[in-house]
Ligand SMILES: Cc1cc2nc3c(=O)[nH]c(=O)nc-3n(C[C@H](O)[C@H](O)[C@H](O)COP(=O)(O)OP(=O)(O)OC[C@H]3O[C@@H](n4cnc5c(N)ncnc54)[C@H](O)[C@@H]3O)c2cc1C
């Protein structure tokens, strides 16, 4: 298709970007890596005439730590996240997800803020952010607010972001050393595939007793969800096959999937059970991934 003329604004500071957005509001569409926006413009899903290019705003690209948290700037690219010693050490579950996003080309351009902005229930960075109890910082001219990740999405492609706000930072809780984790993604092929079902989990164990379990599921409801009933059922119990069956069943029951070209609703429910069962079974048998500060987990 022939592109219509599009004006691109490329501010060199956050203040300038927020000023432009406050003037133009929804007429101006933020763009970071463009891996979603450009596809949507090409397909005619977006008919934007003006884009706010965030690539030259230095204040939005960083990975920092505080005592208990990691702070990731919105335009930080997947490649940078994969290579970050801080993310590898303290939130390796995010690395597990990011390495399964798209392809090297997509990881070289795509940003974590863009994944949140697209608000797809199949966005792969999102299930880890749910179990990391993340918050999203939204900033506008003269103010900012923090939104918990489970309050950020309103439905497919819908978020609480207002037209004059930018996503500027994602804050993640550091994982506890010794905790186990998984991110599993089921797609139609191994690269460049949208998730049919995805799941992220963090589990704290005291010998074989579950201190806590955090479970989130992607692509099986209008937004990513936490499987809270499954989490509550597991807490304080012995990790054994019977419990794994109950937890996987509760997680599957928490889903509200749709049927689409990638899979039926029924398949998604069954796949959720299977993914959770297998992930927890591996941990029970001693093959799970464990958080060890200072050790590069994957990459
Ligand atoms: C071939 C291909 C494969 C892909 N595979 C995967 C995959 O496996 N898993 C997956 O999750 N995704 C996948 N994607 C989708 C996409 O790469 C990701 O969603 C990516 O994170 C988008 O980031 P971006 O910086 O390119 O976003 P952009 O396209 O620049 O923007 C996406 C949306 O977010 C908004 N936005 C961006 N930054 C901000 C900000 N700072 N503040 C407010 N709004 C903002 C934009 O306005 C837009 O609505 C794939 C895409 C392609 C083309």
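Residue numbers (the working numbering): 913 to 1211. Where a beta carbon is used, it is the ideal one built from N, C-alpha and C, also for glycine.
- Around residue 965, the same chain offers 920, 922 and 943 as residues with beta carbons nearer than 6 Å, after the five sequence neighbours per side are excluded.
- Straight across, the Cα-Cα distance linking residue 954 with residue 1020 is about 20 Å.
- The alpha-carbon separation between residue 1087 and residue 1002 amounts to approximately 6 Å.
- When C-beta atoms of the region 1033 to 1053 are compared with those of the region 1127 to 1134, three or more pairs fall below 8 Å, so the two segments count as touching.
- Note that the C-beta distance between residue 983 and residue 1081 is below 8 Å.
- The beta-carbon distance between residue 1023 and residue 987, rounded to whole angstroms, is 5 Å. This is short enough to meet the 8 Å contact definition.
- Shown here, residue 970 sits in a helix according to DSSP, grouped into three states.
- Under a 10 Å Cβ-count criterion, residue 1205 is classified as exposed, with fewer than 16 other Cβ atoms of the shown protein chains found around its own Cβ.
- Annotated as distal: residue 1112 and residue 1004, with beta-carbon spacing of 8 Å or more.
- In terms of side-chain proximity, the C-beta atom of residue 1027 is found nearer than 7 Å to a non-hydrogen atom of ligand 1.
- CA-to-CA, the gap between residue 1197 and residue 1162 works out to about 21 Å.
- The DSSP-derived three-state label of residue 1163 is helix.
- With 16 or more other CB atoms across the displayed protein chains lying within 10 angstroms of its CB, residue 1008 is buried.
- Within the region 1122 to 1188, there are no complete beta strand (DSSP E) runs of at least 3 residues.
- If you ignore the 5 residues before and after residue 1085, its C-beta comes within less than 7 Å of the C-beta of 980, 981, 1044 and 1045, all in its own chain and listed in chain order.
- In the three-state scheme derived from DSSP, where H, G and I count as helix and E and B as strand, residue 925 is classed as coil.
- A Cβ-Cβ separation of about 5 Å places residue 929 in contact with residue 969 under the 8 Å criterion.
- Within 7 Å of the C-beta of residue 986 there is at least one heavy atom belonging to ligand 1.
- By the beta-carbon neighbour count (other beta carbons within 10 angstroms, threshold 16), residue 1101 is exposed.
- Per the C-alpha coordinates, the member of 1168, 1152, 1175 and 1171 positioned closest to residue 1193 is 1152.
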